[in-house]
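Each residue of the sequence shown is one higher than the last, beginning at 5 in the numbering used here.
Here a beta-carbon is modelled for each residue, glycine too, at the ideal position from N, C-alpha and C.
Note that this is a predicted model, so its numbers are computed, not measured.
Notes follow once the structure below has been shown.
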Amino acid sequence: MNWTVAHRIAGIAAVQAHRNLGIDRTRYVPVHQALKAAGVVGMAQPMPRLFGVYFSPADNGPAVLLNANLNIVTQRHTAAHELGHHHLRHRTAADDDLSPALRWGNGSWPDEEKTAEAFAAWFLMPRPAVLAGLDRICQGQPTSPEHVYRLARELGTSYAGTVRHLQHLRLLEANRASQWAKISPAALRTSLAGGSALPADAHVHVVTASSHLQQVHADVGDLLIVRVDGAAFVSLPKGLARWTGATQTASPVEAAMVTDEFSDPVVLEVSAAGRDEPVHLTVVRDSPRAGVHDVWPD
């Protein structure tokens with residue numbers, strides 16, 4: 005089976021899984037909760053050489069074991085990959101320490117691994133959610149790699165994986181996708197943060213007027229940068245601290261960093277010039293899961 009066929013199978017399977025699990029296909033997909041809804045026992049613990057393991061019903065499953073040491077983006081992808089094994093009725097499978105590049109480029113993968121990997125992309129990035137995000141970010145047409153990075157933040161996916169998926173959705177032509185895939189996410193984060201370097205696992209979430217009534221899924225160390233004319237925080241909830249680290253911006257920006265006091269969802273309000281009401285958005289903590297699924301946050 006080649007990757008084209010794997011994606012055709014996975015695309016159909018992901019739509020079926022969204023329907024069966026009651027997933028809203030227009031927004032961020034809560035994959036850990038999807039595992040619970042699918043009746044899959046979930047557990048996460050540190051594992052030095054594994055991304056995750058799927059145990060089929062034939063081996064006392066269905067259950068998945070995730071690596072608790074993964075960052076949230078990689079763990080979300082791994083969880084969706086293991087859910088793909090379950091939904092596609094695969095055998096027990098262990099996903100070992102392949103590099104992110106090999107996860108897509110190795111043609112020797114077994115068919116079940118190819119379809120589970122493709123399923124992860126289609127499950128986490130349903131077309132309606134991609135289109136809605138692009139509409140908010142760039143009026144539907146990505147014209148810079150920063151647009152793709154911002155979309156990845158809305159979807160909770162990797163930058164490189166989002167570039168590839170936009171090509172599969174025929175929303176990004178192949179040559180541009182190839183060029184953009186070579187750009188370092190760290191360089192894009194630095195650019196969006198006004199030239200300031202950030203911790204390796206920190207992400208940058210750009211807030212605009214189009215962010216009104218949306219959710220931001222963030223973790224400790226992440227940065228929220230407001231790009232709205234005349235923006236000012238109405239107040240900063242507990243767990244968000246004002247950040248003044250931008251060094252290359254033409255004018256002061258409103259920005260906040262997520263601190264380790266952040267736990268429960270909070271509403272962030274940003275006033276803006278020309279708006280009768282503030283921009284309201286909900287900030288939700290999304291960090292790697294550990295332990296058993298009963299204690300994973302909703």
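{"Query": "What did DSSP end up calling Val77 once you bin it into helix, strand or coil?", "Result": "helix"}
{"Query": "Under the rule that 16 or more other beta-carbon atoms within 10 Å means buried, what is Glu265, buried or exposed?", "Result": "exposed"}
{"Query": "Measuring straight from C-alpha to C-alpha, what distance separates Asp233 and Val210?", "Result": "13 Å"}
{"Query": "Might you give, ordered along the chain, the residues of its own chain that have their beta carbon closer than 6 Å to the beta carbon of Gly309, omitting 5 neighbours on each side?", "Result": "No information on residue 309 is available, as it lies outside the stretch 5 to 302 that the chain covers here."}
{"Query": "Look up Ile229 in the DSSP assignment and say whether it is helix, strand or coil.", "Result": "strand"}
{"Query": "Determine the direct distance from the alpha carbon of Ala276 to that of Gly26, and round the result to whole angstroms.", "Result": "36 Å"}
{"Query": "I'd like the ranges of any alpha helix (DSSP H) spanning at least 4 consecutive residues and lying wholly in the stretch 140–217.", "Result": "149–159, 163–172, 178–185, 189–196"}
{"Query": "Ile76 and Pro292 - do their beta-carbons sit closer together than 7 Å?", "Result": "yes"}
{"Query": "I'd like the list of long-range same chain contacts for Ala98, defined as Cβ closer than 7 Å, with 5 residues on each side in sequence excluded.", "Result": "Leu54, Val57"}
{"Query": "If we ignore side chains and look at the alpha-carbon of each, how far apart do Arg93 and Asp115 end up?", "Result": "13 Å"}
{"Query": "Report the CB separation of Trp247 from Ala236 in whole angstroms; it is logged as a contact under 8 Å.", "Result": "Rounded, the Cβ-Cβ distance is 14 Å, inconsistent with contact."}
{"Query": "Hey, how far is the Cα of Ser103 from the Cα of Thr78?", "Result": "Its pLDDT being 46, under 50, Ser103 is placed unreliably by the model, and the measurement read from it follows with that caveat. Answer to the nearest angstrom: the Cα atoms are 11 Å apart."}
{"Query": "Just to confirm before moving on: does the CB-CB distance between Ala125 and His169 stay below 7 Å?", "Result": "yes"}
{"Query": "Is the stretch 33–42 in contact with the stretch 136–150, if contact means three or more CB pairs nearer than 8 Å?", "Result": "no"}
{"Query": "By Cβ distance below 6 Å, which residues in the same chain neighbour Ala294 in space, the five residues on each side in sequence not counted?", "Result": "Ala48, Ala72"}
{"Query": "Taking the C-alpha atoms as reference points, what is the distance between Ile187 and Glu177?", "Result": "16 Å"}
{"Query": "Quick one: grab the DSSP three-state call for Val303.", "Result": "Missing from the structure shown is residue 303; the chain here goes from 5 to 302 and no further."}
{"Query": "Please report the residue range of the beta strand (DSSP E) in which Leu244 lies.", "Result": "244–246"}
{"Query": "Relative to the C-alpha of Pro269, which candidate in Gly165, Glu281, Ala245, His221 has its C-alpha closest?", "Result": "His221"}
{"Query": "Within 10 angstroms of its Cβ, does Ser215 collect 16 or more other Cβ (buried), or is it exposed?", "Result": "buried"}
{"Query": "Here's the rule: buried if 16 or more other CB atoms are within 10 angstroms of the residue's CB, otherwise exposed. What is Ala17?", "Result": "buried"}
{"Query": "Starting from the C-beta of Ala10, find all residues in its chain whose C-beta is less than 6 Å away, skip the five residues before and the five after it, and write them out in chain order.", "Result": "Lys118, Thr119, Ala122"}
{"Query": "Take Val288 as the anchor and find which of Glu150, Gly65, Gly243 has the nearest alpha-carbon.", "Result": "Gly243"}
{"Query": "Report the residue from Ser182, Arg193, Asp28 whose alpha carbon sits nearest the alpha carbon of Phe127.", "Result": "Asp28"}
{"Query": "Would you mind sorting Pro132 into buried or exposed? The rule is 16 or more other CB atoms within 10 Å of its CB.", "Result": "exposed"}
{"Query": "Determine the burial state of Ala3: buried for a count of at least 16 other Cβ atoms within 10 Å of its Cβ, exposed for fewer.", "Result": "Because residue 3 is not part of the residues shown, which for the chain are 5 to 302, the question remains open."}
{"Query": "Out of Asp290, Asn64, Leu196, Ala181, point me to the one whose CA is closest to Gln171's CA.", "Result": "Ala181"}
{"Query": "Short of 6 Å in beta carbon distance, which residues of its chain neighbour Val152, apart from the five on each side in sequence? Order them along the chain.", "Result": "Pro146, Thr166, Val167"}
{"Query": "Thinking C-beta only, is Phe59 closer than 7 Å to Thr96?", "Result": "yes"}
{"Query": "How many angstroms separate the CA atom of Leu196 from the CA atom of Pro52?", "Result": "33 Å"}
{"Query": "Excluding the five sequence neighbours on either side, which residues of its own chain have a C-beta within less than 6 Å of the C-beta of Val238, listed in chain order?", "Result": "Glu273, Ser275, Pro282"}
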